[in-house]
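A.B. asks: In full-length UniProt numbering, the protein residues as written are 1 to 95.
Here it is, the structure, as structure tokens.
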Amino acid sequence: MVRDRPTTAVPADLAAAIARAGVDPTAEPRPLQDALRSAIADRRGYLAWDVDHAGWVVQLLSPDRERFHGRTLEEALAWCLVWLMVDELGVGPPA
Numbered sequence: 001m002v003r004d005r006p007t008t009a010v011p012a013d014l015a016a017a018i019a020r021a022g023v024d025p026t027a028e029p030r031p032l033q034d035a036l037r038s039a040i041a042d043r044r045g046y047l048a049w050d051v052d053h054a055g056w057v058v059q060l061l062s063p064d065r066e067r068f069h070g071r072t073l074e075e076a077l078a079w080c081l082v083w084l085m086v087d088e089l090g091v092g093p094p095a
């Protein structure tokens with residue numbers, strides 16, 4: 001018997017990281033986008049997004065300027081959130 005696993009709009013490792021921010025990676029696309037934007041705002045992130053030839057581009061405008069790409073808006077927003085969570089996740093170069 002095969003159990004149905006919840007599907008996510010983002011890769012499994014990324015889903016695990018955003019779950020640590022309290023975002024449900026199995027949410028439907030629009031609620032997931034809203035939750036990701038809220039979690040980004042909670043970390044004082046301000047952003048804009050657009051579509052290019054390769055997919056979605058999220059531009060973090062504050063606290064720093066960075067660009068994140070994804071096949072979906074949810075994936076690009078998730079990468080932005082993870083970047084803002086580097087200290088929370090305990091990854092990256094030592095301070």
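Cβ atoms here follow ideal geometry from the backbone N, Cα and C, with glycine treated the same way.
If we require 3 or more residues per run, which beta strand (DSSP E) segments fall completely within the stretch 48-94?
C.D. replies: Counting only runs of 3 or more, we get 55-62, 66-70.
A.B. asks: For the alpha helix (DSSP H) that contains P29, what are its first and last residues?
C.D. replies: Working through the sequence shown from its first residue, we reach residue 29 at position 29. Element bounds for P29: 29-42.
A.B. asks: Taking C-alpha atoms, which residue in A15, V86, G70, P63 lies nearest to H53?
C.D. replies: As a first step, residue 53 is located in the sequence shown; it is residue number 53 there, counting from the start. Closest by alpha carbon: G70.
A.B. asks: Would you mind sorting P25 into buried or exposed? The rule is 16 or more other CB atoms within 10 Å of its CB.
C.D. replies: Within the sequence shown, residue 25 is the residue found at index 25, counting from 1. Buried.
A.B. asks: Give every residue of the same chain whose Cβ lies closer than 6 Å to the Cβ of M1, excluding the five residues on either side of it in the sequence, and list them in chain order.
C.D. replies: Taking the first residue of the sequence shown as position 1, residue 1 is located at position 1. The predicted model places M1 with a pLDDT of 49, which falls under 50 and marks its position as unreliable; any figure quoted below should be read in that light. There are no such residues.
A.B. asks: Please list, in chain order, all residues of the same chain as L47 whose beta carbon is under 7 Å from its beta carbon, the five residues on each side excluded.
C.D. replies: Within the sequence shown, numbered from 1, the residue matching residue 47 stands at position 47. Contacts found: I40, V58, Q59, L60, L61, C80.
A.B. asks: Here's a check: name, in chain order, each residue in its chain whose Cβ is nearer than 8 Å to the Cβ of R67, leaving out the five neighbours to either side.
C.D. replies: To locate residue 67, count along the sequence shown from 1; it is residue 67. Excluding sequence neighbours, R67 sits near V57, V58, Q59, L60.
A.B. asks: Between the C-alpha atoms of R43 and L89, what's the straight-line distance to the nearest angstrom?
C.D. replies: As a working mapping, residue 43 is identified with position 43 in the sequence shown. As a working mapping, residue 89 is identified with position 89 in the sequence shown. Rounded to whole angstroms, R43 to L89 spans 13 Å at the Cα level.
A.B. asks: Determine whether the beta carbon atoms of V23 and A12 lie at a separation below 9 Å.
C.D. replies: Residue 23 sits at position 23 when you count from the first residue of the sequence shown. Residue 12 sits at position 12 when you count from the first residue of the sequence shown. Result no, Cβ atoms of V23 and A12 do not sit closer than 9 Å.
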